[in-house]
Amino acid sequence: MQKFAVLGHPISHSLSPRMHLASFASLGFDGSYDAFDVAPELLGEKFKELIQQGYRGLNITIPHKKAIMPFLSRLDESAEKYGAVNTVVIEGDGTTIGYNTDVYGFLTDLKCKDVTVKGAKILMLGYGGAGAALACGLKNAGCGELKIANRTVREEGMLPLSSNECIAYSREVDLIVNVTPVGLKEGDEPVLPIEAFRQGQVFYDCAPTSHETSSIKCAKIAGARAFDGKGFLIHQGAKAFELWTGLCADTAAMYAAIK
Ligand SMILES: NC(=O)c1ccc[n+]([C@@H]2O[C@H](COP(=O)([O-])OP(=O)(O)OC[C@H]3O[C@@H](n4cnc5c(N)ncnc54)[C@H](OP(=O)(O)O)[C@@H]3O)[C@@H](O)[C@H]2O)c1
2 MQKFAVLGHP ISHSLSPRMH LASFASLGFD GSYDAFDVAP ELLGEKFKEL IQQGYRGLNI
62 TIPHKKAIMP FLSRLDESAE KYGAVNTVVI EGDGTTIGYN TDVYGFLTDL KCKDVTVKGA
122 KILMLGYGGA GAALACGLKN AGCGELKIAN RTVREEGMLP LSSNECIAYS REVDLIVNVT
182 PVGLKEGDEP VLPIEAFRQG QVFYDCAPTS HETSSIKCAK IAGARAFDGK GFLIHQGAKA
242 FELWTGLCAD TAAMYAAIK
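So that you can map any letter, position 54 of the sequence shown is 55 in this note's numbering, and since no number is skipped, the others follow by simple counting.
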């Protein structure tokens with residue numbers, strides 16, 4: 002049996018075990034997939050332990066996507082380029098390689114949903130680890146103007162999240178991407194009000210929730226096309242599985258398991 006796991010803190014909300022195990026079962030793949038809640042100060046120790054126990058691959062989630070980097074033998078160019086690791090391949094001799102499959106997962110899902118990135122005017126809400134990686138991925142994919150709105154305005158040109166300026170700009174763009182955790186919990190307030198959306202635009206909420214977020218509800222009421230982050234989660238996971246095993250994951254089984 003090949004062993005895999007996801008490391009995060011907290012981790013109980015993670016849909017990754019359910020999603021990967023459904024794909025393993027459908028493929029007849031002999032694998033296990035655990036979820037470990039790892040406090041930041043114990044990350045290095047836990048990582049070493051899992052290598053010794055013969056784990057073949059890991060997913061890395063909040064808050065460890067940058068913190069894992071110093072423990073790896075090397076980084077793939079995707080991790081170098083996007084500055085975060087969400088997938089680790091562990092080779093037979095214990096060599097560990099860090100990859101970023103988040104950007105691939107996000108862009109693949111946009112493509113599946115017929116959302117045009119090339120030349121599109123985009124507003125991204127949130128600029129943490131995932132936000133920074135996705136912004137870089139969107140630029141590499143040839144998007145048009147890209148503005149960031151964040152709770153903490155850290156850089157020149159950033160808009161304060163939910164300010165009047167942010168709401169006005171939001172109505173102008175082709176694509177709005179929410180990459181804050183607002184919406185992950187059922188009952189969270191919308192990240193932007195209804196008047197920030199309009200017909201003809203796309204709202205992509207990265208939260209891979211089974212409930213419809215209030216932001217998605219607002220976007221739909223305003224007539225926008227709106228999507229949650231389940232497709233993003235599935236495609237980043239499918240790519241991770243391919244890196245670990247060289248096999249194609251069953252994305253339909255993954256979707257059925259988390260929908
Ligand atoms: N579907 C998927 O597979 C997938 C993959 C990766 C990420 N995601 C989603 O992306 C989200 C962000 O991930 P991350 O790794 O970038 O996290 P992160 O590094 O912790 O960054 C969080 C970002 O959200 C902002 N933020 C946090 N709490 C907020 C609040 N209450 N109100 C407004 N803004 C808030 C932060 O602003 P400050 O700078 O002001 O702190 C920061 O910009 C996750 O929660 C997850 O839902 C989904």
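Note that CB positions come from ideal geometry on N, CA and C, so glycine has one too.
Opposing strand residues paired with residue i [DSSP bridges]
i, result
"D206", "N179"
"A6", "D35 and L59"
"L147", "I123"
"T88", "N60 and Y100"
"F228", "Y205"
"P161", "N151"
"R75", "I98"
Beta-carbon proximity list for residue i, same chain, < 8 Å, skipping 5 on both sides
i, result
"G40", "The residue you asked about is not Gly; residue 40 is Ala in the sequence shown. Excluding sequence neighbours, A40 sits near H10."
"E92", "I98"
"V86", "I61, K66, K67, I69, M70, L73, L76, A80, G99, Y100 and N101"
"G158", "K148 and I149"
Distance, residue j Cα to residue i Cα
i, j, result
"F25", "A142", "31 Å"
"G120", "A250", "31 Å"
"K4", "Y34", "6 Å"
"I195", "M20", "32 Å"
"L44", "G247", "27 Å"
"E213", "V183", "12 Å"
"A136", "C219", "23 Å"
"C144", "L108", "12 Å"
"G29", "P18", "16 Å"
"I259", "P209", "9 Å"
"L139", "V118", "7 Å"
"L193", "S215", "9 Å"
"E190", "V154", "21 Å"
"E46", "D94", "18 Å"
"Q200", "F233", "23 Å"
"E42", "K186", "26 Å"
"T252", "S211", "17 Å"
"F198", "D175", "10 Å"
"K112", "A227", "14 Å"
"E222", "L8", "Sequence check: residue 222 is Ile here, not Glu. Rounded to the nearest angstrom, the two C-alpha atoms are 37 Å apart."
"V203", "M255", "24 Å"
7 Å Cβ shell around residue i - same chain, five flanking residues per side excluded
i, result
"G188", "none"
"C167", "A150, L160 and P161"
"G55", "K4"
"L22", "Y34"
"L16", "P209, L234 and I259"
Other residues of its chain near residue i: CB distance less than 6 Å, five sequence neighbours each side excluded
i, result
"K240", "T102 and Y105"
"V178", "M125 and Y205"
"V89", "L59, T97 and G99"
"Q237", "T102, D103 and G106"
"E146", "K122"
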